[in-house]
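Just below is one structure, and these are the notes that go with it.
In my numbering, the protein residues as written are 1202 to 1626.
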């Protein structure tokens, strides 16, 4: 893998034992460096890598200085000095693209010969050199310039366990009435904004700042009948974070049997994921060489199915009359006014039975609301009883927002004109 790194150069003497602590081809980079110096040498160096490992070379003592690299921070310049006697590393100085300059070394001796170091891409993977109780010599390890980096070969090992993450959401529903003796086909139209999101977490190593493309399949919600599951789409090329929004219109034919009411419901199934993924980072360098290394992270996504429709027959269309719970009349073609008049007449003519009426699935009668909460429902009352009760409620509870309806008719204006007569039923 020597063609992956810039030619390595160490400055200092020839004593001590060799050491090397660097990553690069496994995605690990230099995260932090601490330097101790005294008199005529760099006494010790402590190095942290992005995989969480740390090593110390030399025996720490003397003046100390450190620098922590931010994710994606590169060196823009590096120079090393010996101690002037050819026996030890004397000084380290580098600058980064974050505007930081680190400079530390001998406390007694002056710097002499400067050795500018080729830093290639500026991506530092670690250090190498020779050391005993002091740093005899040392150099830094850099990757060559990167042409491209991508995440590929992505799998989601636990995707099949995420069924609970898929939930239905009703977009809209509508009732359709057919008051004729022939079957009718009507149209249920809905429009919905669809949002899909995908992101693959990238750790603090090489891939954090230098991987811009993801070649992977994306987990999507798939619905077959009432069942939903996750499936992985055909592989495509994406950014590390993707958001796709689109607005779709759906026109669904609704078949209404004769003299009936049906309810059409448009539903979508949505899924939110946060699952582990496994993949491979593939890095191609400008010099033509390349390397790959495995990676694990968290995939987070939002997906949804296509809109699907359910049709439910919910009852007869038009007016239905009931005596003591038994339907005694059905007029599918009547208007609401005709239904109201007939219900009033039946209540007057048959005081011996419980008279109830329904119009297109809504129970007819008196409803009293306080603000938006229904506090009373009297299906057997006459219109006059309803008006009188509403008037009485308003007088007894001034300052409160009481409203009343009778068979769908707003009674509030009529109640204001009627006498305040309490009603006892």
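Each residue gets a CB set at the ideal place from its N, CA and C atoms; glycine is no exception.
Distance, residue j Cα to residue i Cα
| i | j | result |
| --- | --- | --- |
| residue 1159 | residue 1306 | With the chain covering 1202 to 1626 only, the question about residue 1159 has no answer from this structure. |
| residue 1368 | residue 1429 | 9 Å |
| residue 1327 | residue 1470 | 49 Å |
| residue 1501 | residue 1475 | 4 Å |
| residue 1553 | residue 1574 | 32 Å |
| residue 1457 | residue 1378 | 7 Å |
| residue 1451 | residue 1472 | 21 Å |
| residue 1348 | residue 1419 | 26 Å |
| residue 1303 | residue 1255 | 20 Å |
| residue 1505 | residue 1221 | 50 Å |
| residue 1559 | residue 1416 | 60 Å |
| residue 1232 | residue 1257 | 14 Å |
| residue 1217 | residue 1432 | 58 Å |
| residue 1202 | residue 1483 | Legend: pLDDT at residue 1202 = 47, less than 50; position of this residue unreliable, value from coordinates given subsequently. The straight-line gap from Cα to Cα measures roughly 14 Å. |
| residue 1434 | residue 1404 | 25 Å |
| residue 1409 | residue 1373 | 43 Å |
| residue 1631 | residue 1252 | A question about residue 1631 goes unanswered here, because the residues of the chain that appear run from 1202 up to 1626. |
| residue 1498 | residue 1352 | 11 Å |
| residue 1288 | residue 1495 | 41 Å |
| residue 1300 | residue 1219 | 32 Å |
| residue 1332 | residue 1259 | 6 Å |
| residue 1308 | residue 1340 | 20 Å |
| residue 1546 | residue 1510 | 41 Å |
| residue 1424 | residue 1514 | 23 Å |
With 16 other Cβ atoms within 10 Å as the buried cut-off, status of residue i
| i | result |
| --- | --- |
| residue 1345 | buried |
| residue 1594 | buried |
| residue 1607 | buried |
| residue 1315 | exposed |
| residue 1400 | buried |
| residue 1229 | buried |
| residue 1590 | buried |
| residue 1597 | exposed |
| residue 1390 | exposed |
| residue 1343 | buried |
| residue 1350 | buried |
| residue 1582 | buried |
| residue 1621 | Caution is warranted here: a pLDDT of 42 is assigned to residue 1621, below 50, making its placement in the model unreliable, and the coordinate value is therefore given only provisionally. It is exposed - the Cβ of residue 1621 has fewer than 16 other Cβ atoms within 10 Å. |
| residue 1459 | exposed |
| residue 1394 | exposed |
| residue 1544 | buried |
| residue 1578 | exposed |
| residue 1525 | exposed |
| residue 1449 | exposed |
| residue 1208 | exposed |
| residue 1371 | exposed |
| residue 1533 | buried |
Candidates the options: closest to residue i by CA position
| i | options | result |
| --- | --- | --- |
| residue 1601 | 1611, 1572, 1451 and 1446 | 1572 |
| residue 1204 | 1492, 1507, 1521 and 1611 | 1492 |
| residue 1358 | 1477, 1271 and 1272 | 1477 |
| residue 1270 | 1455, 1226, 1610 and 1323 | 1323 |
| residue 1319 | 1206, 1272, 1266 and 1226 | 1206 |
| residue 1249 | 1224, 1240 and 1238 | 1224 |
| residue 1569 | 1603, 1610 and 1239 | 1603 |
Residue-level contact to chain C via CB, residue i, 9 Å cutoff
| i | result |
| --- | --- |
| residue 1294 | Structure shown: chain C not included; a single protein chain is present. |
Taking one C-beta from the segment 1206-1216 and one from the segment 1284-1301 each time, how about it: are there three or more such pairs within less than 8 Å? yes
Check whether the segment 1374-1385 touches the segment 1326-1345, counting contact only when three or more Cβ pairs, one atom from each stretch, lie closer than 8 Å. no
Entirely enclosed beta strand (DSSP E) segments - the segment 1208-1289, minimum 3 residues: 1218-1223, 1231-1239, 1242-1250, 1255-1259, 1264-1269 and 1276-1283
Within the segment 1514-1585, ranges of the beta strand (DSSP E) (whole runs, at least 3 residues): 1520-1524, 1527-1532, 1556-1560, 1563-1565, 1567-1571 and 1574-1579
On the three-pair Cβ rule with 8 Å, is the segment 1292-1303 touching the segment 1258-1276? yes
Curious, which full-length beta strand (DSSP E) runs of at least 3 residues does the segment 1371-1453 contain? 1385-1401, 1414-1417, 1420-1425, 1428-1433 and 1437-1439
Which runs of the beta strand (DSSP E) fall wholly inside the segment 1307-1364 and span at least 3 residues, in chain order? 1315-1317, 1325-1332, 1336-1343 and 1347-1356
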